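Novice:
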Amino acid sequence: NAAPNEEVAVALAVLEDAYSEAITLNGKYKRAATLSEDQQLAANQWESEVAELFNGSKQAAKAYLRKEKRDKSMDSDDGTLNAKKRRIELEHQRQQAAIDEQRQLEDVRQRSKREQEDLTLQIEFQRQLE
Numbered sequence: 570n571a572a573p574n575e576e577v578a579v580a581l582a583v584l585e586d587a588y589s590e591a592i593t594l595n596g597k598y599k600r601a602a603t604l605s606e607d608q609q610l611a612a613n614q615w616e617s618e619v620a621e622l623f624n625g626s627k628q629a630a631k632a633y634l635r636k637e638k639r640d641k642s643m644d645s646d647d648g649t650l651n652a653k654k655r656r657i658e659l660e661h662q663r664q665q666a667a668i669d670e671q672r673q674l675e676d677v678r679q680r681s682k683r684e685q686e687d688l689t690l691q692i693e694f695q696r697q698l699e
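This is the structure we're talking about:
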């Protein structure tokens, strides 16, 4: 069984990943779709609301973790807990690096797709001029 503070740390890492993914997807939606002004405003408002909820949750979790750390007495388990915490942090960093890599690949794919579409349109236009 994991200690409550470890569970909170893991949940916080998952929350950060989910928030990052939600903001990325909303950004892609705003860039990819032809949005009306109202839709653009709604997408921006949604993103602001999600950011506000995320930041509140993140602050509460970090405050809890700080309180747990203060309340924890120094004992022989500290080395083990620090090692577990460091492992969790490293796992989160590895997961974040994989997510960043996927985002970058997706961005490259999208740019390439747009460039190919632009070239196709230019080719079609030139054919019409022939």
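Throughout, our numbering is defined as the position within the sequence shown, counted from one, plus 569. Beta carbons are placed, not taken as given, at the ideal position from N, Cα and C, and that holds for glycine. Note that the coordinates shown come from a computational prediction; the quantities given were computed from them, not determined experimentally.
K653 and E575 - do their beta-carbons sit closer together than 8 Å?
Specialist: As a first step, residue 575 is located in the sequence shown; it is residue number 6 there, counting from the start. As a first step, residue 653 is located in the sequence shown; it is residue number 84 there, counting from the start. It is a contact, given that the beta carbons lie within the stated cut-off.
Novice: Along the chain, which unbroken stretches of the alpha helix (DSSP H) at least 4 residues long are found entirely within the stretch 624-696?
Specialist: none
Novice: Quick one: using the 10 Å Cβ neighbour count with 16 as the cut-off for buried, is L690 buried or exposed?
Specialist: Counting from 1 along the sequence shown, the entry for residue 690 is found at position 121. The residue in question, L690, is exposed, as its Cβ has fewer than 16 Cβ neighbours within 10 Å.
Novice: Can you tell me whether E606 is helix, strand or coil according to DSSP?
Specialist: Locating residue 606 in the sequence shown gives position 37, counting from the first residue. It is helical.
Novice: Using the three-state DSSP reduction, which class does A572 fall into: helix, strand or coil?
Specialist: Taking the sequence shown and counting its residues from 1, one reaches residue 572 at position 3. The answer is coil: DSSP assigns A572 none of H, G, I, E or B.
Novice: For A612, I'd like the list of residues in its chain whose CB is within less than 8 Å of its CB, leaving aside the five on either flank, ordered along the chain.
Specialist: The count along the sequence shown starts at 1 and reaches residue 612 at position 43. Excluding positions up to five away in sequence, the list reads N595, Y598, K599, L604.
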